Amino acid sequence: PIAAMPYYIDNISLNVYSLEELCYYIENHLYLIEADFMSEELCLWVEEELCDKKLAQSLREALHERESLSDFTELILRSCGYCSETSIRHILSVLQEMQNKSVFECCKIRADRYMDSEKYVRAIQEYRNLLGMQEECKNNPVLEGNIRHNLGTAYARLFLFDEAAACFLNAYRLNQNRESLTACMTACRLAKKNDILKKYKEEFHVSDEAFKSMSDQWNSVLKSEDILEKQREAEHLIKDAQGQMEENKPLMEQIRKWSEAYKKSCRL
Numbered sequence: 002p003i004a005a006m007p008y009y010i011d012n013i014s015l016n017v018y019s020l021e022e023l024c025y026y027i028e029n030h031l032y033l034i035e036a037d038f039m040s041e042e043l044c045l046w047v048e049e050e051l052c053d054k055k056l057a058q059s060l061r062e063a064l065h066e067r068e069s070l071s072d073f074t075e076l077i078l079r080s081c082g083y084c085s086e087t088s089i090r091h092i093l094s095v096l097q098e099m100q101n102k103s104v105f106e107c108c109k110i111r112a113d114r115y116m117d118s119e120k121y122v123r124a125i126q127e128y129r130n131l132l133g134m135q136e137e138c139k140n141n142p143v144l145e146g147n148i149r150h151n152l153g154t155a156y157a158r159l160f161l162f163d164e165a166a167a168c169f170l171n172a173y174r175l176n177q178n179r180e181s182l183t184a185c186m187t188a189c190r191l192a193k194k195n196d197i198l199k200k201y202k203e204e205f206h207v208s209d210e211a212f213k214s215m216s217d218q219w220n221s222v223l224k225s226e227d228i229l230e231k232q233r234e235a236e237h238l239i240k241d242a243q244g245q246m247e248e249n250k251p252l253m254e255q256i257r258k259w260s261e262a263y264k265k266s267c268r269l
């Protein structure tokens, strides 16, 4: 059934009109689902707009008996055939993992999962939320530094190297982890800030030997087969275009793929 009046999901400003759309939301925004998802409002919508009194009653019983979020969500997932059994098991395992953790731990899990799934803008939002949690974060400089390092990684994967360098620098000042300093200097190099790179080398007493090791690492990455293959592919497409880029379908198709991949990483 398609509802005449949609159910409004506040955290992503989304209207859903059916159980299938609700399941789609659960599957694709799993880490946004929190305890307030279990509500009388949702039960009422299922009952009145979808005319599914049996499901609405089951949801109410779960709500009133204070069952877990995973149990409540499972009732919805199994009420229609949208999600596969494999997908349902994955969703439930994630919800079960998070339901016994603190707000800080849940936020950290969400941020890390967004990073793993290449949803970098969402990861940035969650890491910033973590940095605002005074009790857990501000009183633990190493933890705060590690979170700032992850934040820098998210910026770097969006090619925002200036922002990444600043995050890595703050991370190193807090956690004193040499990996954060190396990442900071790498981001400066990618941002073509050679003057700042030299400044950090002197400020943090990076030896000539250590700096040469960093440079060798950078050069080895730039000469890796994966990078060289993409470079050859791009040069071949541009050569074939002969100045008529918009008329060259293979070139424009490759640009479209790169553009879509970047947009996916930025999607909220």
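Residue 23 in our numbering is what sits at position 22 of the sequence shown, and the numbering runs on without skipping anything.
Beta carbons are placed, not taken as given, at the ideal position from N, Cα and C, and that holds for glycine.
In this text, all values refer to a predicted model and were calculated from it rather than measured experimentally.
Residue i versus residue j - alpha carbon distance
i	j	result
C168	L64	42 Å
Y83	E48	19 Å
L20	E180	47 Å
I110	S103	11 Å
N195	I256	29 Å
L252	W219	28 Å
A165	A188	6 Å
Y18	M6	7 Å
Y8	Y26	12 Å
E254	A235	12 Å
P2	E22	11 Å
N171	C107	24 Å
V207	L43	58 Å
L198	E66	60 Å
E62	M39	11 Å
Local conformation of residue i per DSSP, three classes
i	result
N140	coil
L20	helix
S25	For the sequence presented, residue 25 should be read as Tyr rather than Ser. DSSP places Y25 in helix when its eight states are reduced to three.
K15	At residue 15 the sequence reads Leu, which differs from the Lys that was named. Three-state DSSP puts L15 in a strand.
I125	helix
Y83	coil
I92	helix
I10	strand
H150	helix
F160	coil
M99	helix
C107	helix
K265	helix
C44	helix
A166	helix
H30	coil
Residue burial classification, residue i (beta-carbon count within 10 angstroms, cutoff 16)
i	result
K240	exposed
I34	buried
S14	exposed
E127	buried
K120	buried
C24	buried
C185	buried
W259	exposed
C267	exposed
C52	exposed
T154	buried
Task: Segment contact flag, the stretch 59-73 with the stretch 92-111, C-beta cutoff 8 Å, min 3 pairs - done: yes
Task: the stretch 162-181 / the stretch 135-152 touching (three or more Cβ pairs under 8 Å) - done: yes
Open item on the list: Using 8 Å as the cut-off, can you tell me whether the stretch 155-165 makes contact with the stretch 135-144, which would need three or more C-beta pairs spanning the two stretches below that distance?
Closed with: no
Task: alpha helix (DSSP H) segments (min. 4 residues) lying fully within the stretch 170-247 - done: 179-191, 195-204, 209-223 and 226-242
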